[in-house]
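Student: Numbering (full-length UniProt numbering), first residue to last: 1 to 397.
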Ligand SMILES: Cc1cc2nc3c(=O)[nH]c(=O)nc-3n(C[C@H](O)[C@H](O)[C@H](O)COP(=O)(O)OP(=O)(O)OC[C@H]3O[C@@H](n4cnc5c(N)ncnc54)[C@H](O)[C@@H]3O)c2cc1C
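#1: Which stretch, first to last residue, makes up the alpha helix (DSSP H) that contains residue 264?
#2: Since residue 314 contacts residue 272 with CB under 8 Å, what's their CB separation in whole angstroms?
#3: Would you tell me roughly how many angstroms separate the C-alpha atoms of residue 10 and residue 279, rounded to the nearest one?
#4: Pull up the distance between the alpha-carbon of residue 126 and that of residue 172, whole angstroms please.
#5: In the structure shown, what three-state DSSP assignment does residue 364 receive?
#6: Check the C-beta distance from residue 262 over to residue 301 and give it rounded, since I have them as a contact under 8 Å.
#7: By DSSP, does residue 12 sit in helix, in strand, or in coil?
#8: Count the other CB atoms, across all protein chains shown, that sit within 10 Å of the CB of residue 188; report buried if there are 16 or more and exposed otherwise.
#9: If you follow the alpha helix (DSSP H) that residue 95 is in, where does it begin and where does it stop?
#10: When every heavy atom of ligand 1 is checked, does at least one fall within less than 7 Å of the C-beta of residue 30?
#11: So, with DSSP's three-state summary, where would you put residue 185?
#12: Span of the alpha helix (DSSP H) holding residue 215?
#13: Check whether the Cβ of residue 372 sits closer than 7 Å to any heavy atom of ligand 1, and report yes or no.
#14: Pull up the distance between the alpha-carbon of residue 70 and that of residue 62, whole angstroms please.
#15: Identify, in the order they occur along the chain, each residue of the same chain with its Cβ nearer than 7 Å to the Cβ of residue 309, setting aside the five sequence neighbours on each side.
#16: Measuring from the CB of residue 266, is there a heavy atom of ligand 1 at a distance below 7 Å?
#17: If we require 4 or more residues per run, which alpha helix (DSSP H) segments fall completely within the region 134-191?
#18: Relative to the C-alpha of residue 145, which residue among 132, 123 and 76 is closest?
#19: Quick one: is the Cβ of residue 378 within less than 7 Å of any heavy atom of ligand 1?
#20: Which residue marks the beginning of the alpha helix (DSSP H) containing residue 74, and which one marks its end?
#21: Quick one: is the Cβ of residue 130 within less than 7 Å of any heavy atom of ligand 1?
#22: Please go through the region 95-121 and give each complete alpha helix (DSSP H) segment of 4 or more residues, from N-terminal end onward.
#23: Is DSSP giving residue 342 helix, strand or coil here?
#24: Between which residues of its own chain and residue 199 is the CB-CB distance below 6 Å, once the five residues before and five after are set aside?
#25: Can you tell me whether DSSP reads residue 225 as helix, strand or coil?
#26: Please return the same chain residues whose Cβ sits closer than 6 Å to the Cβ of residue 398, not counting the five positions on each side in sequence.
#27: What does the alpha-carbon distance come out to for the pair residue 211 and residue 325?
#28: Return the first residue and the last residue of the alpha helix (DSSP H) that residue 44 is part of.
#29: When the distance is taken between beta carbons, is residue 222 closer than 8 Å to residue 256?
#30: What would DSSP say about residue 54, mapped onto helix, strand or coil?
#31: Based on the DSSP secondary-structure assignment, which residues constitute the bridge partners of residue 326?
#32: Kindly indicate the opening and closing residues of the alpha helix (DSSP H) around residue 205.
#33: Buried or exposed, going by whether 16 or more other CB atoms sit within 10 Å of the CB of residue 175?
#34: Regarding residue 366 and ligand 1, is the C-beta to nearest heavy atom distance less than 7 Å?
#35: Report yes or no: do three or more beta-carbon pairs, one from the region 37-53 and one from the region 19-26, lie closer than 8 Å?
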């Protein structure tokens with residue numbers, strides 16, 4: 001038997017602990033909060049989107065870097081995850097957008113409790129709450145607040161990223177790893193809102209309003225979906241999906257320009273033809289009645305279009321397909337759904353082992369990978385936990 005300590009009590013850690021072979025390992029799972037899976041519960045507000053229903057190729061393409069995630073997702077795919085959930089009495093359903101949710105009748109806390117029950121039913125598995133990992137001592141023993149100093153045979157870190165600190169994922173661990181010469185990249189907000197300089201009139205009327213069925217283009221990276229106008233700027237799945245690319249642009253430039261397609265179902269020439277056919281209508285009426293744009297979309301078009309363009313159907317048709325919106329910054333890291341940065345992927349081997357720290361592994365959002373919302377983040381974390389458990393279970397002790 002070997003002793004394994006898992007530090008962090010989020011999805012990556014829970015899956016690892018659930019799947020580790022207790023004929024080989026004594027498991028101690030340590031979490032600093034008084035309960036496990038706080039961020040998982042936050043993710044479940046408004047529907048627990050666990051994964052995405054697509055082919056494995058399409059799934060892998062959503063991750064960045066996809067080459068890094070591919071072997072993990074191939075070993076534990078979205079369909080494997082759905083089967084795993086279902087076989088553990090967690091029913092799922094596929095929503096209209098192909099997002100996969102836990103069944104309506106199951107609250108997120110019930111899903112979490114069913115996963116925790118797997119751990120509690122295992123022998124040789126000890127869960128230690130209210131215990132913060134503080135680093136290593138000079139002999140590489142693990143130090144904790146209110147807990148004995150230990151040196152397990154294997155330690156797995158699953159400490160999460162650095163957003164929503166209230167859930168426990170505060171990224172403070174990064175300094176501890178840096179002291180051991182591990183390259184930890186700075187955290188930045190991902191899947192987050194971006195700042196727009198709205199005119200006072202626009203935001204007074206349209207704050208909180210959605211822009212539905214739009215498409216976005218950022219430097220020829222495309223996304224579709226919904227945006228919501230906020231006082232700060234724009235949020236919603238369509239911009240979250242491009243957040244990594246926009247953040248990278250903001251690193252080198254102080255701004256980024258996205259282009260909104262307010263009518264993705266029609267081509268520029270079809271829009272122009274509609275204007276010509278209805279030339280007796282005022283432009284604003286044609287936008288409303290013929291193109292079915294709502295008040296917020298029309299007001300946004302007006303804010304980012306000069307008068308000459310607005311009165312010229314050729315230029316206006318072009319602009320409706322590509323409204324330039326300047327983004328000044330991202331929202332605060334703590335408000336973001338996930339974070340970029342964390343342990344550089346060059347620091348870990350193909351089995352998530354830290355190259356500089358033998359018998360020390362890291363999984364989940366604490367590694368520097370990105371995925372958009374849509375269930376991809378949880379899928380990535382659960383897959384890493386599963387695949388690492390499989391690897392450790394196959395070790396000859
Ligand atoms: C608002 C919001 C909505 C989201 N919605 C979705 C969604 O719909 N679909 C989706 O796929 N993903 C979603 N996510 C993202 C998803 O929840 C995370 O990617 C996932 O929880 C990360 O899992 P993890 O195991 O890597 O880490 P975490 O879940 O962050 O867990 C890490 C754990 O480590 C503990 N810890 C940290 N430091 C220490 C320490 N020093 N000592 C001991 N313990 C420590 C923390 O307390 C925490 O419990 C959402 C996130 C947020 C914030």
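Backbone N, C-alpha and C define an ideal beta-carbon position, used for all residues, glycine too.
Just so you know, these numbers come straight off a predicted model, no measurement behind them.
Tutor: The answer reads as follows:
#1: For the purposes of this step, residue 264 is taken as residue 264 along the chain shown, with counting starting at 1. Residue 264 -> no alpha helix (DSSP H), and no H or E assigned at all.
#2: In the chain shown, the residue the question calls residue 314 occupies position 314. In the chain shown, the residue the question calls residue 272 occupies position 272. Sure, about 6 Å apart at Cβ, within 8 Å.
#3: Working through the chain shown from its first residue, we reach residue 10 at position 10. Working through the chain shown from its first residue, we reach residue 279 at position 279. Inter-residue distance for residue 10 and residue 279 is about 58 Å (C-alpha atoms, whole angstroms).
#4: Indexing the chain shown from 1 puts residue 126 at position 126. Indexing the chain shown from 1 puts residue 172 at position 172. Straight-line Cα distance between these residues: approximately 24 Å.
#5: On the chain shown, position 364 is the one that residue 364 refers to. Helix.
#6: Along the chain shown, read from residue 1 onward, the residue named residue 262 stands at position 262. Along the chain shown, read from residue 1 onward, the residue named residue 301 stands at position 301. So it is a contact: roughly 7 Å between Cβ atoms.
#7: To locate residue 12, count along the chain shown from 1; it is residue 12. Residue state, collapsed to three classes: helix.
#8: For the purposes of this step, residue 188 is taken as the residue at position 188 of the chain shown. Classification for residue 188: buried.
#9: Locating residue 95 in the chain shown gives position 95, where the first residue counts as 1. Unbroken run through residue 95: none, as it is neither H nor E.
#10: Here residue 30 corresponds to residue number 30 of the chain shown, with the count starting at 1. Correct: residue 30 has its Cβ closer than 7 Å to ligand 1.
#11: Taking the chain shown and counting its residues from 1, one reaches residue 185 at position 185. Strand at residue 185.
#12: Translated into the one-based positions of the chain shown, residue 215 becomes position 215. Unbroken run through residue 215 is the beta strand (DSSP E), 210-218; no alpha helix (DSSP H).
#13: Translated into the one-based positions of the chain shown, residue 372 becomes position 372. Outside the cutoff, so no.
#14: Locating residue 70 in the chain shown gives position 70, counting from the first residue. Locating residue 62 in the chain shown gives position 62, counting from the first residue. Using only the alpha carbons, I get a separation of about 10 Å.
#15: Numbered from its first residue, the chain shown carries residue 309 at position 309. Same-chain partners within the cutoff: 315, 316 and 319.
#16: The sequence position of residue 266 within the chain shown is 266, counting from 1. Checking the Cβ of residue 266 against ligand 1 gives no.
#17: 173-179
#18: As a first step, residue 145 must be located in the chain shown, where it is residue number 145. Checked all of 132, 123 and 76; the closest Cα to residue 145 is 132.
#19: Looking up residue 378 in the chain shown gives position 378. Under cutoff, so the answer is yes.
#20: Translated into positions along the chain shown, residue 74 becomes position 74. 66-75 is the span of the alpha helix (DSSP H), which, as asked, contains residue 74.
#21: Mapped onto the chain shown, residue 130 falls at position 130. Not under cutoff, so the answer is no.
#22: 108-120
#23: Numbered from its first residue, the chain shown carries residue 342 at position 342. Reduced to three states, the DSSP call for residue 342 is strand.
#24: The sequence position of residue 199 within the chain shown is 199, counting from 1. Taken in chain order, the residues that qualify are 303.
#25: Here residue 225 corresponds to residue number 225 of the chain shown, with the count starting at 1. Residue 225 falls in the strand class under three-state DSSP.
#26: Since the first residue of the chain shown is 1 and the last is 397, residue 398 is not available in this structure.
#27: Start at 1 with the first residue of the chain shown, and residue 211 comes out as number 211. Start at 1 with the first residue of the chain shown, and residue 325 comes out as number 325. Distance between the alpha carbons of residue 211 and residue 325: 14 Å.
#28: By one-based count along the chain shown, residue 44 stands at place 44. Segment: none, residue 44 is in no alpha helix (DSSP H) and carries neither H nor E.
#29: As a position in the chain shown, residue 256 is number 256, starting the count at 1. As a position in the chain shown, residue 222 is number 222, starting the count at 1. In this structure, residue 222 does not lie closer than 8 Å to residue 256 by Cβ.
#30: Your numbering for residue 54 matches position 54 in the chain shown. Of the three classes helix, strand and coil, the one that applies to residue 54 here is coil, per DSSP.
#31: As a working note, residue 326 is residue 326 in the chain shown. Paired residue(s): 257.
#32: Start at 1 with the first residue of the chain shown, and residue 205 comes out as number 205. According to the DSSP assignment, residue 205 belongs to the alpha helix (DSSP H) that extends over 200-206.
#33: Translated into positions along the chain shown, residue 175 becomes position 175. Per the 10 Å Cβ criterion, exposed.
#34: Numbered from 1 along the chain shown, position 366 holds the residue referred to as residue 366. Checking the Cβ of residue 366 against ligand 1 gives yes.
#35: No, the region 37-53 is not in contact with the region 19-26.
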